[in-house]
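Numbering (full-length UniProt numbering), first residue to last: 1 to 290. Remarks on the structure that follows.
This is the structure in C-alpha cells:
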C-alpha cells in the first residue's frame, strides 16, 4: 500500500503569488512524475472547482460525489481526494492561505474557513441556473486577468474576485450550517476540531477534550450541538473514523497494528467500532478503495 502523497502548491506563473487556475481537462490528462491523480492524494492548498460541462464522479475523503454542470467543490487543505476519469470540463481555482487570509478581515476569514470545512456541510454544492451564471462570469473575469494581464493590479483584482466567489458560495451554503453567525461558538468549534484531529487516537472521550479546552463537557456538547447539530461524541467519532480510513488506505500496517495505533486496547473492539460507525469491516473498506 502506497503512502498518501501530499501535493504542494506549485504555479508556473510566478507573478501571481499563491494562486493558480487550471482546467479539469488538463488535470485529467496530466502525467505527473511524483503522484497519480487517479489515486488518493492530500492537497496542501484550497480548491474551488466548478464543473462547466459533462458528468462524472469525484472522491473526497473516501466518499464519492457525482457531479454535473453547475457542481462546485470546495476543498480545504489536507483533504484527501482523487480524480476519476471522465469527459467533463471544469475550472479549478487553487490557492493557499497566504493568497487570501493574510489580506482578509476576520469576517471574511471566518466565512472562508466555514465554507471549506467539510465537517460543517458537504464539500459539494449544486448551483441553480442563475447562481451558475453569476459564478461562471466571475471565474471568466479571473481567467482573463490571470492569462491576459501583466500588471501590478492583476493579482489584487483576482484576490478580490475569489473573495466575491467565496462570499457568494457561503451565502448559498449558509442554510446547511447551523448558527453560522455564532462567532464565539464557531471559534471554539474550530479549536475543538483541530484538537481532535491531532489527538483523536489518544482519546475518544468528550471529557478529555473538555479538560484540554478548559470547559465542561456540557459546554462542549453545547458548542457542537449549536454548530453541527451533533453531540460532541458523535463529532469525535466522525474524525476518528476518517483518520482510521486514512491509515487503512495509505499505510502498510496490518489491521491489528492499526487497531493499536488508533488507541484500541483490543483489535476486536476496533473491528466492532469501525463496523458500527461505517457499516463495513476495516478489511471491506480497505478492499473497496482498491
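All residues carry an ideal CB built from backbone N, CA and C; glycine is no exception. Small disclaimer: the values here were computed from a predicted structure and weren't measured.
Using beta-carbon positions only, say whether residue i and residue j come within less than 9 Å of one another.
| i | j | result |
| --- | --- | --- |
| residue 95 | residue 209 | no |
| residue 70 | residue 137 | no |
| residue 185 | residue 223 | yes |
| residue 258 | residue 248 | yes |
| residue 92 | residue 47 | yes |
| residue 135 | residue 188 | no |
| residue 270 | residue 262 | yes |
| residue 72 | residue 104 | no |
| residue 32 | residue 79 | no |
| residue 212 | residue 199 | yes |
| residue 204 | residue 230 | no |
| residue 81 | residue 59 | yes |
Would residue i be called buried (16 or more neighbouring beta carbons within 10 Å of its own) or exposed?
| i | result |
| --- | --- |
| residue 67 | buried |
| residue 266 | exposed |
| residue 57 | exposed |
| residue 183 | exposed |
| residue 160 | exposed |
| residue 156 | exposed |
| residue 90 | buried |
| residue 256 | exposed |
| residue 144 | exposed |
| residue 74 | buried |
| residue 273 | buried |
State the Cα-Cα distance for the pair residue i and residue j, rounded to the nearest angstrom.
| i | j | result |
| --- | --- | --- |
| residue 85 | residue 125 | 21 Å |
| residue 30 | residue 118 | 27 Å |
| residue 244 | residue 24 | 30 Å |
| residue 253 | residue 149 | 50 Å |
| residue 146 | residue 65 | 29 Å |
| residue 219 | residue 54 | 46 Å |
| residue 163 | residue 108 | 8 Å |
| residue 141 | residue 170 | 20 Å |
| residue 44 | residue 196 | 19 Å |
| residue 3 | residue 286 | 14 Å |
| residue 6 | residue 40 | 10 Å |
| residue 133 | residue 238 | 35 Å |
| residue 216 | residue 226 | 15 Å |
| residue 228 | residue 139 | 30 Å |
| residue 38 | residue 98 | 28 Å |
| residue 214 | residue 27 | 46 Å |
| residue 106 | residue 202 | 32 Å |
| residue 166 | residue 114 | 10 Å |
| residue 268 | residue 22 | 46 Å |
| residue 279 | residue 288 | 13 Å |
| residue 221 | residue 281 | 29 Å |
| residue 8 | residue 250 | 18 Å |
| residue 174 | residue 88 | 28 Å |
Among the options, which one has its Cα closest to the Cα of residue i?
| i | options | result |
| --- | --- | --- |
| residue 10 | 20, 3 and 88 | 20 |
| residue 101 | 55, 116 and 279 | 116 |
| residue 62 | 284, 51, 263 and 246 | 246 |
| residue 120 | 193, 81, 50 and 143 | 193 |
| residue 172 | 155, 144, 111 and 200 | 111 |
| residue 129 | 52, 276, 144 and 279 | 52 |
| residue 276 | 241, 289 and 288 | 241 |
| residue 42 | 232, 76 and 204 | 76 |
State yes or no: is the C-beta of residue i nearer than 8 Å to some heavy atom of the ligand SAH?
| i | result |
| --- | --- |
| residue 121 | This structure does not include the ligand SAH; it has no bound ligands of any sort. |
Taking only runs that begin and end inside the stretch 29–96, name each unbroken beta strand (DSSP E) of 3 or more residues, in chain order. 41–43, 46–53, 56–60, 63–67, 71–75, 80–83 and 89–95
What are the complete alpha helix (DSSP H) segments, minimum 4 residues, inside the UniProt domain "HTH araC/xylS-type" (190–288)? 206–213, 217–228, 232–250, 255–261, 267–278 and 282–288
Just list the beta strand (DSSP E) runs in the stretch 112–148, keeping only unbroken ones of 3 residues or longer that don't cross its boundaries, in chain order. 124–126
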